[in-house]
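These notes are about the structure you will find just below.
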């Protein structure tokens, strides 16, 4: 199973639209298809910003369910990695500690790293594309799945 670290900006974006790539990433976590990991510091930041930035109570409650699926990891590193914004280091430290496959973010300082110690740093759209490709490398199932979704099983 893929292990991911999700930046706080992904949760905020997921709260704004039920049908964007960020929301799809969160849905992959809450349906058990992808494993999300975070440190206590990241979880605390996530919850604080969701409480401050998400106005709609139903959306906030829905996104708070995400935390039931996040596995806590411990990252003790204090190493400076993202020179432009040291606040971003916590996501890199978490990814390193968990041996995460992906760090999903919209943050340009992180995205500019590309890959860090085996962790691919990508946008939600790039992650969704990679996830779908891993599930169906030849692309044969996409059309059939779309037809079933649109018209039912038969």
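Numbering (the numbering used here), first residue to last: 540 to 693. A virtual CB, placed ideally from N, CA and C, is assigned to each residue, including glycine.
| Item | Value |
| --- | --- |
| Take residue 661 as the anchor and find which of 592, 650, 671 and 668 has the nearest alpha-carbon. | 650 |
| Taking residue 605 as the reference, give the member of 571, 614 and 622 with the closest Cα. | 571 |
| Are the beta-carbon atoms of residue 602 and residue 577 separated by less than 8 angstroms? | no |
| Does DSSP classify residue 652 as helix, strand or coil? | coil |
| Suppose you measure from the CA of residue 667 to the CA of residue 617; what does that come to, to the nearest Å? | 31 angstroms |
| Residues in its own chain within less than 7 angstroms of residue 598 by CB, not counting five upstream and five downstream? | 554 |
| So, are the CB atoms of residue 665 and residue 648 less than 8 angstroms apart? | no |
| Which word fits residue 710, buried or exposed, when buried means at least 16 other C-beta atoms lie within 10 angstroms of its C-beta? | Any answer about residue 710 is impossible in this case: the structure gives the chain only from 540 up to 693. |
| Hey, how far is the Cα of residue 560 from the Cα of residue 615? | 31 angstroms |
| Mark residue 688 as exposed unless 16 or more other C-beta atoms lie within 10 angstroms of its C-beta, in which case mark it buried. | exposed |
| Taking just the CA atoms, how far does residue 642 sit from residue 655? | 9 angstroms |
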